[in-house]
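Following: one structure in structure tokens, then a few remarks.
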Amino acid sequence: CWEHQIAITQWAWNEFNAQSGTRKIAEKTRERLKKLIWLAAQDVRGWVAGHENYQRQELARLCGIKPDNWSHNYANYWREMCDIFKNLDTESLICTVKMRTQQKATFSRRDVAKIN
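In this note's numbering, the protein residues as written are 1 to 116.
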């Protein structure tokens, strides 16, 4: 659902900003990074599904920058963004497993009604 994609991407952007702390990022770079957060979400989703990931040259082209600029100024940001989504995915899976385990335990303890 589109609203969920927006919410997840906004959360990831806020997380990225929190992790960046007081690090200075030029406004032009920040605007490109806002676009990258969407691509990072798509890339990690593809990675989870076993699809090919974006290549450096393609990412540079999509951001309107030269490949060497990508390597020097954006590659580390990209890795940080992808890590945020990978951690979210891992935490979600762990939460799901715990919840499912609790459900199984609850249902296995139910008393079966006896029929007279």
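Cβ atoms here follow ideal geometry from the backbone N, Cα and C, with glycine treated the same way. Bear in mind that the values here come from a model prediction, so they are computed numbers and not experimental data.
For residue 66, there is no enclosing alpha helix (DSSP H), as DSSP marks it with neither H nor E.
Note on geometry: alpha-carbon atoms of residue 47 and residue 82 lie some 10 Å from one another. In terms of Cα proximity to residue 89, the closest of 42, 103, 59 is 42. The region 10-23 makes no contact with the region 56-70; the number of CB pairs closer than 8 Å stays below 3.
In this structure, residue 37 sits near residue 13, with a CB-CB distance shorter than 8 Å. Rounded to whole angstroms, the separation of the alpha carbons of residue 28 and residue 45 is 27 Å. Here residue 35 has 63 as same chain residues with Cβ atoms under 7 Å from its own Cβ, once five neighbours each way along the sequence are excluded.
If the five residues before and after residue 32 are omitted, its C-beta is found closer than 8 Å to the C-beta atoms of 63, 64, 65, 74, all from its own chain and listed in chain order. Assigned with DSSP and collapsed to three states, residue 54 falls in coil, not helix or strand.
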